[in-house]
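Heads up: the structure comes next, in structure tokens.
2 protein chains.
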Amino acid sequence: MNKRTDHITREACIALDQHDPLGAIRDAFVLPASTIYLDGNSLGALPKATAAAVAKVVTQEWGQDLIQSWNTAGWFMSPQHQGNRLASIVGAGPGELVITDTTSVNLYKVLCAAAELARKQHPSKRVLLSETSNFPTDLYMAQSVCKHYDLRLELTDAKGLASALNGDVAVLMLTHVNYRTGAMYDMAGVTQAAHGVGALTVWDLAHSAGAVPVDLNSANADYAVGCGYKYLNGGPGAPAFVWANSRVVSATKQPLSGWWGHASPFAFDANYVPQVGIDQYLCGTQSMLAMAAMACGLDVFEQANAVGGMTAIRAKSLALTDVFMDLCAARCTEFGLVNVTPTAHQTRGSHVSLAAPNGGYAMMQALIARGVVGDFRGGGATGEADLLRFGLTPLYTRFVDVWDAVEHMVRMLQANEWQRSEFNRTQAVT
Amino acid sequence: MNKRTDHITREACIALDQHDPLGAIRDAFVLPASTIYLDGNSLGALPKATAAAVAKVVTQEWGQDLIQSWNTAGWFMSPQHQGNRLASIVGAGPGELVITDTTSVNLYKVLCAAAELARKQHPSKRVLLSETSNFPTDLYMAQSVCKHYDLRLELTDAKGLASALNGDVAVLMLTHVNYRTGAMYDMAGVTQAAHGVGALTVWDLAHSAGAVPVDLNSANADYAVGCGYKYLNGGPGAPAFVWANSRVVSATKQPLSGWWGHASPFAFDANYVPQVGIDQYLCGTQSMLAMAAMACGLDVFEQANAVGGMTAIRAKSLALTDVFMDLCAARCTEFGLVNVTPTAHQTRGSHVSLAAPNGGYAMMQALIARGVVGDFRGGGATGEADLLRFGLTPLYTRFVDVWDAVEHMVRMLQANEWQRSEFNRTQAVT
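Chains A and B are the protein sequences, given in the same order. Mapping of the first sequence onto the working numbering: residues 1 to 430, in sequence order. Mapping of the second sequence onto the working numbering: residues 431 to 860, in sequence order.
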């Protein structure tokens with residue numbers, strides 16, 4: 001073990017857990033025995049309260065009260081009601097954010113709205129700028145929007161952003177925390193630079209919401225979307241969210257003009273009249289089973305508010321990722337694994353990725369067989385590195401979990417377990 | 431009582447129930463005691479198996495197996511897998527239909543795809559034709575699509591359809607069964623007429639799927655969407671579905687080009703390449719809680735297949751609506767209630783609406799207070815009649831329920847219960 005990490009022992013990690021202000025929050029989650037779950041950045045763990053809450057929606061609200069639950073159980077306003085609860089986690093105001101649809105669909109809405117607004121304000125601007133290693137669905141949606149709005153999609157790497165952000169840029173679309181490397185943008189600084197050249201900003205908070213402090217209003221961002229099933233623990237395929245700055249929210253219409261975004265949805269008016277504010281970003285009817293699970297994810301954040309909230313979450317996230325990076329640097333480098341996540345606190349999210357030049361997929365499979373669940377993100381199509389990705393969710397990950405995970409990884413690598421044939425099957429879908 | 435309905439007694443209705451081939455299927459549903467639920471056309475009742483199926487997804491698949499359930503529990507292919515099961519209910523082939531997103535969002539996809547195809551095939555056609563009394567969200571989405579594709583939305587009433595369907599029509603968008611009147615179009619005939627003038631057809635099956643026989647391929651329809659939470663009993667806000675004829679499905683790209691519609695979603699390719707076939711109509715990640723409930727709704731249709739399937743469902747639907755219409759004509763006409771649902775079998779869906787010139791909203795509230803749950807659809811904004819709407823879902827509605835519902839209605843009307851102040855509050859949202 002490298003000298004630098006001599007002080008990081010299993011006992012020291014246990015001591016950190018004992019003094020962790022968020023330590024008790026772990027008890028709000030179901031976590032399977034004999035698993036160290038480091039994939040909460042892909043699918044967050046199950047809050048203990050969720051099963052009963054969903055069962056209540058199914059058996060009582062749907063089963064017994066049926067259609068009347070749209071009023072009596074608060075179904076109708078739940079996208080707004082739960083949205084207001086989530087708003088405080090990402091620095092949005094009440095009435096500014098709704099929980100609805102998927103991240104991809106919401107991205108389409110805000111990209112179209114931004115493109116429309118840019119066309120009004122600066123008709124000569126022709127570029128939608130994004131990052132080469134942005135999450136693919138963001139780029140796919142952007143390709144479609146560019147076609148409809150006669151824009152040109154330009155991609156840059158993060159280093160080239162400042163020079164790519166020129167006067168041609170109508171809309172800048174970025175994911176705040178990179179899904180591969182965990183690198184985090186300075187939202188306020190980048191937004192200011194974008195506004196400096198007259199560009200609107202669209203932020204994808206998929207790997208940020210609930211993981212790192214986000215302050216959309218302070219950053220003066222224009223539009224944002226994000227995901228409910230990662231750090232917000234809303235369940236597989238949980239509804240996503242969408243926010244727009246009050247400066248711009250009603251300046252244009254988003255194109256998915258369904259009845260839920262109408263000013264009077266139950267007037268059954270023949271003409272679409274968008275609701276004022278973020279409600280126009282609603283479209284169709286949302287799953288109330290999914291919404292109930294989402295609400296339970298948000299409940300845990302309210303519990304966390306009593307012990308420091310996002311400030312405590314951020315502090316623990318940095319401490320967890322520090323320990324993980326230090327241990328990996330000391331113990332895994334000899335096996336060819338190289339950290340690609342920024343070491344500087346201000347540019348790091350809550351997951352850490354290790355580049356694996358050889359056998360990365362099999363290594364992750366071998367690790368999962370040991371009960372340590374991260375995930376693999378291949379670099380194939382983009383020519384980037386194959387990554388072992390580890391999400392360190394502050395709400396339920398312990399320091400001792402981090403220590404044990406690295407210990408498992410070292411033993412797996414020392415024994416070359418990943419070279420066993422069973423771990424080299426065709427890559428699974430997730 | 432009118433002579434015409436002398437033979438329809440409560441005892442006769444009980445006898446009809448005793449000989450109903452679908453009678454046993456009712457037992458597959460939770461139905462609250464002391465309620466006659468006639469609103470399954472708005473929110474279908476809860477199948478008994480749903481609570482356990484959803485609980486399994488929550489506690490085992492999410493809670494214990496976590497991210498691995500995308501592969502091990504079949505989450506990843508569930509939009510296609512459940513779609514294939516639903517396909518057989520609407521006359522679609524395997525691999526032609528997926529369950530995803532909302533009806534409104536799916537409508538946007540197919541309207542854009544159809545507009546794009548029409549532009550290729552017949553660039554001079556400039557009209558998207560629909561019906562004045564189509565469900566508002568359909569018209570709202572059409573308004574948005576028309577703006578993007580430089581089309582003109584023209585509306586006609588059903589009677590004027592034949593003459594409005596002229597050579598300018600690029601796309602004809604209709605709801606198969608009208609949400610207000612229950613009037614049903616001849617899908618094959620209308621599609622043929624549309625094709626005769628070179629127009630593409632988009633059918634909304636919200637009030638059809640699971641209620642009336644639909645044969646999309648025999649009708650040679652072009653595109654269809656529909657709803658999971660009405661007659662399919664998929665739960666509040668259940669995922670919707672989308673179908674495209676294999677002739678046209680890959681002829682154009684739909685604009686919501688998210689990663690789930692990509693040919694290789696987990697290759698994380700930088701460029702969007704649509705999957706061949708209906709899979710390109712997938713966009714983002716769906717709620718697996720909602721999908722599990724949807725699957726249970728479809729399970730009941732498989733049970734029904736053993737006792738006649740959609741043929742038996744249609745026969746019972748017509749018999750139920752006949753009884754209801756006859757009883758209402760005989761017993762409710764004197765109170766000013768007038769049936770607006772077609773009496774001819776071939777042009778009727780599975781709900782019946784009574785125009786209420788005065789006090790319709792209060793009448794429905796008074797009826798609900800008696801345990802008979804239908805709904806009210808005001809005609810205010812469109813200048814149409816206020817309607818009392820009753821969905822007669824063949825899977826769980828008994829003939830005796832119909833008799834009892836009318837009996838309650840007559841007593842409510844005789845006693846002028848609807849004039850009590852408690853039933854005249856501001857209209858609720860659904």
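Every residue, glycine too, gets a C-beta built ideally from N, C-alpha and C.
Within the segment 712–727 of chain B, those residues whose Cβ lies closer than 7 Å to any Cβ of chain A are, in chain order, 713, 714, 715, 716, 717, 718, 719, 720, 723.
In this structure, DSSP gives residue 781(B) an extended state, which the three-state scheme calls strand. Contact annotation: residue 466(B) and residue 782(B) have beta-carbon atoms that are not nearer than 8 Å.
Residue state for residue 6(A) is assigned as coil, using DSSP reduced to three classes.
Taking a beta-carbon distance threshold of 8 Å, residue 566(B) counts as an interface residue toward chain A. Take residue 15(A), set aside five residues on each side of it, and no residue of its chain has a beta-carbon closer than 6 Å to its own. Contact residues of the segment 504–526 of chain B toward chain A are 505, 506, 507 (C-beta to C-beta distance below 9 Å). Taken through DSSP and simplified to helix, strand or coil, residue 269(A) comes out as coil. Setting aside the 5 residues that flank it on each side, residue 201(A) is surrounded in the same chain by 172, 191, 194, 221, 222, each with a C-beta closer than 6 Å to its C-beta; the list follows chain order. Contact check between the segment 535–552 of chain B and the segment 666–686 of chain B: three or more CB pairs, one atom from each, fall below 8 Å, which counts as touching. DSSP, read as helix, strand or coil, puts residue 519(B) in coil. Here the segment 561–579 of chain B does not lie against the segment 641–650 of chain B, with fewer than 3 beta-carbon pairs under 8 Å apart. In the DSSP assignment, residue 724(B) falls within the unbroken alpha helix (DSSP H) covering 718–735. For residue 173(A), the enclosing beta strand (DSSP E) covers residues 169–175. If you look at residue 39(A), you'll find it isn't in any alpha helix (DSSP H); DSSP assigns it neither H nor E. For residue 247(A), the three-state secondary structure derived from DSSP is coil. The shortest C-alpha to C-alpha distance from residue 306(A) to any of 24(A), 294(A), 245(A), 18(A) is the one to 24(A).
Residue 763(B) sits exposed, since fewer than 16 C-beta atoms from the chains shown fall within 10 Å of its C-beta. At a cut-off of 8 Å between beta-carbon atoms, residue 538(B) makes contact with chain A.
Counting other Cβ atoms within 10 Å of its Cβ, residue 597(B) stays below 16 and is therefore classed as exposed.
Taking a contact as a CB-CB distance under 8 Å, the pair residue 316(A) and residue 39(A) does not count as one, their CB atoms being some 18 Å apart. A residue is called buried once 16 or more other Cβ atoms fall within 10 Å of its Cβ, and residue 92(A) is buried on that count. For the pair residue 637(B) and residue 609(B), the CB atoms are nearer than the 8 Å cut-off.
CA-to-CA, the gap between residue 464(B) and residue 801(B) works out to about 6 Å.
Shortest Cα-Cα distance from residue 296(A) to any of 289(A), 314(A), 234(A), 324(A) involves 234(A).
Against chain A, the CB of residue 570(B) has a partner CB under 8 Å away; the residue lies at that interface. Three or more beta-carbon pairs separated by less than 8 Å link the segment 711–719 of chain B to the segment 492–509 of chain B, which places the two stretches in contact. Apart from sequence neighbours up to five positions away, the residues of its chain that approach residue 107(A) with a beta-carbon distance below 7 Å are 138, 141, 204, 225, ordered along the chain. At least one CB of chain A lies nearer than 8 Å to the CB of residue 688(B). Every alpha helix (DSSP H) of 4 residues or more that sits fully in the segment 132–158 of chain A is shown, in chain order, as 136–149. For residue 625(B), the secondary structure class from DSSP, reduced to helix, strand or coil, is helix.
Between the beta-carbon of residue 667(B) and that of residue 688(B) there is about 19 Å, and that puts the pair past the 8 Å contact cut. In this structure, the alpha-carbon of residue 823(B) lies about 8 Å from that of residue 474(B).
Residue 101(A) reaches chain B at 531, 532, 535, 714, counting residues in chain order whose Cβ is nearer than 8 Å. Membership of residue 25(A) in any alpha helix (DSSP H) is not indicated, and neither H nor E is assigned to it by DSSP. Residue pairing from DSSP places residue 339(A) in a beta bridge opposite 354(A).
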